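Numbering (the working numbering), first residue to last: 73 to 667.
Beneath this line is the structure, given in structure tokens, with notes to follow.
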């Protein structure tokens, strides 16, 4: 009981102590109100707020997995359960705080999103407290009504909630007191706020207890996907409640704008943005990455095929996200060089383009989560580099010479790694052949220069520095052709195979001629055929067993854990088992379907 008393004392005592210590209480509260108002007045689109929230959730998931004592290899579909746990907590807290403070729901959502960063603390705190071993996190099981006060025992290592999670809940309760009091000036409402926050978090920790309750009602859920179904239903109900509350506010300017959107026009714009050549290009690059992994592991399962399918769908929408974002910020350039684009031709409005961009982003993340957690990281990196950093301010690095080409090279490398990680998951960065990765990065960096030829007029008027605006269109084509010719022979520096000289000579010559004649489709076809033949030829000469054996024998003792995990990842591709390492560097194995 002492810990519970301390918990409540901290929640209610710290704000009171601050009030007593500061004689000028009104100025302190005014300062807090100004900070909250500043957060609520941040001018950013709904898309950026959603991206920020999901980025924090994604980073929390990464920290939680990285700093846990056990490192299991999860099946791909389980990653979506993680987001379906956090999203209803966010939606529920926003609803309750909005009702309690009588503030607009979107303003509350902005403040909660900004403070959501405190969810990054628990893995870090637990990692420090455990001296680098980490502390496992879990749902509440058993008689949950006896464990309601378990989150208040700050100094106990027992129970599902770690010390880091308890500190996180404490901070959330304190922030809720401050927010509600600033908005209502009511001590009673401020005192109720932490109780609501605490109870909401506890409720979602006991959601596994719904499974036996539903079975008693005759509703049988599959064992593997039961939590996904439960949280998915909760998210659906909460979204409907959000829609109801937003409609009730009657002050929704964004809602009025959405009513004027034409779904038919957005659908046609979506169709116009589809580039068959580009999508085939990225799809086959992802497939090549997968085939490299297969050539190394010598094995794959039907689950890997489904993951590949989800990856290709995610790539499709990730590319469209980058296209839509680029269309919005390049609309002045497109009016000169690409007047047929939906936004440049005024076929759709800027608001409709933003809605389409957001839809593509969410769908891409959804299917990448179905494909796997590591794949989600690579897809997110692809959209971040090829979309946000490349096109959007404040970065908008496409204005500078060579830098956008480097970004394109990194985006292509991410696609290659995404396909490879289907089999090797979080060990993809360790096991991927470095010569193939370096070759792909250099080839696509310099090879991407050719696409700037068609935007010459628009780039010149908007002071965009490319090879063609610096040297002129005619000279630029010759220089770009020579670069493509040289890229073909760069292959020989990464792969010591003599008969590649003939292949490089044929493709390099054909690429130079196609560039000078401005035949972009031919260049894409030659580029794909060349890289496909080179990478596959080299990949099938490498085996994962050889790579793991070399890394283990040439690695010092302190890195034994990494080597053992590489071997575990390799064996996972051949058996349906889960491998992990304990604190004594002992390799443990469990049958996934029975555990």
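Built from N, CA and C at the ideal position, the CB exists for glycine as well.
Computed from a prediction, not measured in an experiment: that's the story for all the values here.
(message) Under DSSP, the alpha helix (DSSP H) around residue 266 begins and ends at which residues?
(response) 259 to 277
(request) Assign residue 260 to buried or exposed, taking buried as 16 or more other Cβ atoms, counted over all protein chains shown, within 10 Å of its Cβ. (result) exposed
(request) Just mark residue 436 as buried or exposed, buried being the case when its beta carbon has 16 or more other beta carbons within 10 Å. (result) buried
(request) Starting from residue 390, trace the alpha helix (DSSP H) both ways and give me its first and last residue. (result) 374 to 401
(request) Can you have a look at residue 327 and say buried or exposed, based on whether 16 or more other CB atoms are within 10 angstroms of its CB? (result) Because residue 327 carries a pLDDT of 48, less than 50, the predicted location of this residue cannot be relied on, and no value is offered for it.
(request) Flag this pair as touching only if the segment 431 to 450 and the segment 373 to 384 have three or more C-beta atom pairs under 8 Å; answer yes or no. (result) yes
(message) Can you list, in chain order, the residues of its chain with a C-beta nearer than 7 Å to that of residue 354? Leave out the 5 residues immediately preceding and following it.
(response) 387, 391 and 487
(message) Give me the residue from 402, 237 and 343 with the minimum Cα distance to residue 432.
(response) 343
(message) Just to confirm, is the Cβ distance from residue 512 to residue 537 under 8 Å?
(response) no
(request) Give the DSSP-derived three-state secondary structure of residue 356 in the structure shown. (result) helix
(message) Taking the alpha helix (DSSP H) that residue 193 belongs to, which residues open and close that run?
(response) 193 to 201
(message) Let me make sure I understand the geometry here. Which of 497, 495 and 562 has the alpha-carbon closest to that of residue 510?
(response) 562
(message) My output table needs one value for residue 472: the three-state DSSP class, helix, strand or coil.
(response) coil
(request) Output the residue ranges of the alpha helix (DSSP H) runs that lie fully inside the segment 485 to 531 and measure 4 residues or longer, sorted by chain position. (result) 500 to 503 and 506 to 519
(request) Return the CA-CA distance between residue 26 and residue 186, expressed in angstroms with no decimal places. (result) Nothing in the structure corresponds to residue 26, since the chain is present only between 73 and 667.
(request) Provide the residue span of the alpha helix (DSSP H) that contains residue 240, from first to last. (result) 235 to 256
(request) Using the Cα positions of residue 414 and residue 470, report the straight-line distance between them to the nearest angstrom. (result) 21 Å
(request) Give the range of the alpha helix (DSSP H) segment to which residue 419 is assigned. (result) Here residue 419 belongs to no alpha helix (DSSP H), and DSSP marks it neither H nor E.
(request) In angstroms with no decimal places, state the Cα-to-Cα distance between residue 377 and residue 442. (result) 12 Å
(request) Please report how far the alpha carbon of residue 275 lies from the alpha carbon of residue 182, in whole angstroms. (result) 23 Å
(request) Evaluate residue 489 with the Cβ neighbour count: other Cβ atoms within 10 Å of its Cβ, from every protein chain shown; 16 or more gives buried, anything less gives exposed. (result) buried
(message) Between which two residues does the alpha helix (DSSP H) holding residue 179 run?
(response) 177 to 187
(request) Tell me whether residue 262 is buried or exposed, calling it buried when 16 or more other Cβ atoms sit within 10 Å of its Cβ. (result) buried
(request) With DSSP collapsed to three states, give me the class of residue 464. (result) coil
(message) For the segment 551 to 559 against the segment 516 to 523, do three or more pairs of beta-carbon atoms, one drawn from each stretch, fall closer than 8 Å, so that the two count as touching?
(response) yes
(request) Could you tell me whether the Cβ atoms of residue 394 and residue 458 are closer together than 8 Å? (result) yes
(request) Just mark residue 171 as buried or exposed, buried being the case when its beta carbon has 16 or more other beta carbons within 10 Å. (result) exposed
(request) Provide the residue span of the alpha helix (DSSP H) that contains residue 451, from first to last. (result) 445 to 455
(message) Quick check on DSSP: helix, strand or coil for residue 152?
(response) helix
(message) Would residue 491 and residue 361 be called neighbours here (beta carbons separated by less than 8 Å)?
(response) yes
(request) Between the Cα of residue 15 and those of 191, 254, 249 and 258, spot the shortest distance and give me the residue it belongs to. (result) Only positions 73 to 667 of the chain appear in the structure, and residue 15 is not among them; the question remains open.
(request) Could you tell me whether the Cβ atoms of residue 338 and residue 430 are closer together than 8 Å? (result) no
(request) Please confirm whether residue 402 and residue 347 have their CB atoms less than 8 Å apart. (result) no
(request) Could you tell me the distance, in whole angstroms, from the CA atom of residue 317 to the CA atom of residue 175? (result) 11 Å
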